[in-house]
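S.K.:
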Amino acid sequence: MSESSQYPTAPFGDWDGSPATARAMQQSLASQVRLQDDFPPLRLIAGVDVGFEDGGSITRATAVLLDADTLELVGSSLARIPTNMPYIPGLLSFRELPAVLQALGELPGVPDLIFSDGHGIAHPRRLGIAAHLGVVTGLPTIGVAKKLLTGAHDELDLTRGAQVELRDKKTGEVIGCVLRSKDKVRPLIISPGNRVSIATAPQLVMRYVTRYRLPEPTRLADRLASRREEKAAARRLSGVAE
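According to our numbering, the sequence shown holds residues 4 to 245 in order.
1) Alpha helix (DSSP H) containing residue 200: first to last residue?
2) Which class does residue 109 belong to by DSSP, given the choice of helix, strand or coil?
3) Three or more C-beta pairs under 8 angstroms: does that hold for the stretch 38 to 52 against the stretch 60 to 79?
4) Can you tell me whether residue 192 sits near the ligand MG, meaning its C-beta is under 7 angstroms from at least one heavy atom of the ligand?
5) By DSSP, does residue 3 sit in helix, in strand, or in coil?
6) Quick check on DSSP: helix, strand or coil for residue 57?
7) In whole angstroms, what separates the C-alpha of residue 299 from that of residue 76?
8) Should residue 20 go down as buried or exposed, given a rule of 16 or more other Cβ atoms within 10 Å for buried?
9) To the nearest angstrom, how far is it from the Cα of residue 237 to the Cα of residue 184?
10) Counting along the chain, where does the alpha helix (DSSP H) carrying residue 91 start and finish?
11) Apart from the five residues on each side of it in sequence, which residues of its chain come closer than 8 angstroms, Cβ to Cβ, to residue 170?
12) Where are the beta strand (DSSP E) runs, 3 residues long or more, that stay fully inside the stretch 108 to 149, in chain order?
13) Apply the 10 Å Cβ neighbour rule to residue 161 and answer buried if 16 or more other Cβ atoms are within range, or exposed otherwise.
14) Could you name the residues that DSSP lists as bridge partners for residue 68?
15) To the nearest angstrom, how far is it from the Cα of residue 247 to the Cα of residue 30?
16) Restricting to Cα atoms, I'd like to know which of 226, 11 and 33 is closest to residue 126.
17) Rounded to whole angstroms, what's the CA-CA distance from residue 204 to residue 146? Just pull it up for me.
18) Looking only at its chain, what residues have a beta carbon closer than 6 angstroms to the beta carbon of residue 51, apart from the 5 residues adjacent to it on each side?
19) Answer yes or no: do residue 132 and residue 100 have a C-beta to C-beta separation smaller than 8 angstroms?
Dropping the structure here:
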């Protein structure tokens with residue numbers, strides 16, 4: 004059963020579509036982010052990721068819902084909608100969030116925590132997609148990014164679980180951490196989105212890292228969003244045909 008009523012259908016209110024207004028909205032929404040641990044016992048967790056089709060004209064969002072204890076897949080969904088704006092650095096959530104919300108609304112339950120590909124507060128205006136998602140839904144969220152968007156950090160040890168603080172270059176404010184999820188692999192940029200503290204966010208990420216670099220919720224969503232599952236199936240069929 005869909006839980007779509009949980010999620011807003013107009014997440015940007017009366018936004019006029021301009022980048023300047025979007026940046027002003029980010030600054031306002033960032034003040035609503037809650038960086039204290041305020042999440043229930045975890046029963047269901049979700050992962051969301053976004054890809055694009057047809058030269059970027061279609062936004063493709065995927066969401067997966069997992070049992071928080073066993074990591075068994077409870078459900079998954081895929082939403083395709085027309086892309087509403089071009090890529091503008093720092094405004095990714097305005098491009099991707101409508102599809103993400105639609106995909107979440109098609110899951111068979113409401114997650115207690117969402118892991119989002121992308122940034123939480125590790126963003127120039129402290130409102131990456133994970134933070135934006137957390138504010139508009141009211142749900143606990145964590146940003147799991149593969150690349151640094153802003154901030155500076157010290158050198159990171161090569162061992163699994165090593166982490167260093169990510170700080171704003173000008174103010175020194177801690178905005179997340181750089182986390183080595185596996186030995187000698189490229190680190191992840193972890194930052195809370197909403198209702199999770201800076202200290203707890205990497206702990207929750209590591210709880211759900213298994214054999215791979217990414218935690219299972221975003222790893223599975225990433226596979227679906229990037230269409231790797233479809234491509235792998237096509238290769239297998241091609242091999243059989245040969």
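From the three backbone atoms N, C-alpha and C, an ideal C-beta is built for every residue, glycine too.
M.R.: For this structure:
1) Where residue 200 is concerned, there is no enclosing alpha helix (DSSP H), given that its DSSP letter is neither H nor E.
2) coil
3) yes
4) The model depicted lacks the ligand MG and carries no ligand whatsoever.
5) Look at the range of the chain in this structure, 4 to 245, and you will see that residue 3 is not part of it.
6) helix
7) Since the first and last residues shown for the chain are 4 and 245, residue 299 lies out of range.
8) exposed
9) Bear in mind that a pLDDT of 42 at residue 237, under 50, signals an unreliable position, so the model cannot answer this.
10) Note, residue 91: premise wrong, no alpha helix (DSSP H); not H, not E.
11) 154, 155, 156, 176, 177 and 178
12) 116 to 120 and 144 to 148
13) exposed
14) 49 and 78
15) One cannot answer for residue 247 here, as it falls past the ends of the chain, which runs 4 to 245.
16) 33
17) 9 angstroms
18) 66, 103, 119 and 224
19) yes
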